[in-house]
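For reference, the structure is listed below as structure tokens.
In our numbering, the protein residues as written are 974 to 1110.
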């Protein structure tokens, strides 16, 4: 999915939640001075802010975001994104150019929509994401 925009790490969690709702997204890439530093998901907001009784108007996105990103390059084969998703149990991977600038996000749904090979890759990645402890046959 091209055109992903960074939410500032200092934005309030409430602003991130509104953006997630209004754009019907499950995650937002987080930036600091225009540089990708993390992702914030609807789950991050619920678990790390709401459940911890941290106000959405007083808690910065950086306080609840997920760090330690795995990214792929925009010219990488689709199989690379699927491999990252399966290996690290990810539902989405930020896509960057060779200047490390965010250019989009690839999700399991994107893989599934990308054609027969993409659907197979998505199925494999989804199996690893949703059933991390299931034995592989």
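For glycine and all other residues, C-beta sits at the position ideal for the given N, C-alpha and C.
Span separating the alpha-carbon of residue i from that of residue j
i: residue 1049; j: residue 1067; result: 12 Å
i: residue 1052; j: residue 1060; result: 12 Å
i: residue 1037; j: residue 1018; result: 6 Å
i: residue 987; j: residue 1029; result: 4 Å
i: residue 1020; j: residue 1013; result: 11 Å
i: residue 1046; j: residue 1034; result: 25 Å
i: residue 985; j: residue 1073; result: 25 Å
i: residue 1082; j: residue 1055; result: 11 Å
i: residue 990; j: residue 1071; result: 30 Å
Residue i vs residue j beta-carbon contact at 8 Å
i: residue 1011; j: residue 1042; result: yes
i: residue 1065; j: residue 1087; result: no
i: residue 1032; j: residue 1022; result: yes
Sequence-distant residues of its chain with Cβ nearer than 6 Å to residue i (five each side left out)
i: residue 993; result: 1015
Contacting residues, own chain, Cβ-Cβ under 8 Å from residue i (five flanking each side not counted)
i: residue 1078; result: 974, 977, 1000, 1002, 1065, 1066, 1067 and 1068
i: residue 1040; result: 1010 and 1011
i: residue 1110; result: Any answer about residue 1110 is weak, because its pLDDT of 33 lies below 50 and its placement is not dependable; what the coordinates show is given next. Cβ within range, chain order: n/a, list empty.
Cut-off 7 Å between Cβ atoms - residues of its own chain near residue i, not counting five sequence neighbours on either side
i: residue 1075; result: 977, 979, 1002, 1009, 1067 and 1069
Next on the checklist: Report the start-end ranges of each alpha helix (DSSP H) in the region 1015-1099 that is 4 residues or longer and not cut off at the edges.
Outcome noted: The DSSP assignment places 1051-1061 and 1081-1086 as complete runs of the alpha helix (DSSP H) inside the region 1015-1099, in order along the chain (cut-off: 4 residues).
Next on the checklist: Could you check whether the region 996-1009 touches the region 975-985, counting it as contact only if at least three pairs of C-beta atoms, one from each stretch, sit closer than 8 Å?
Outcome noted: The region 996-1009 is in contact with the region 975-985.
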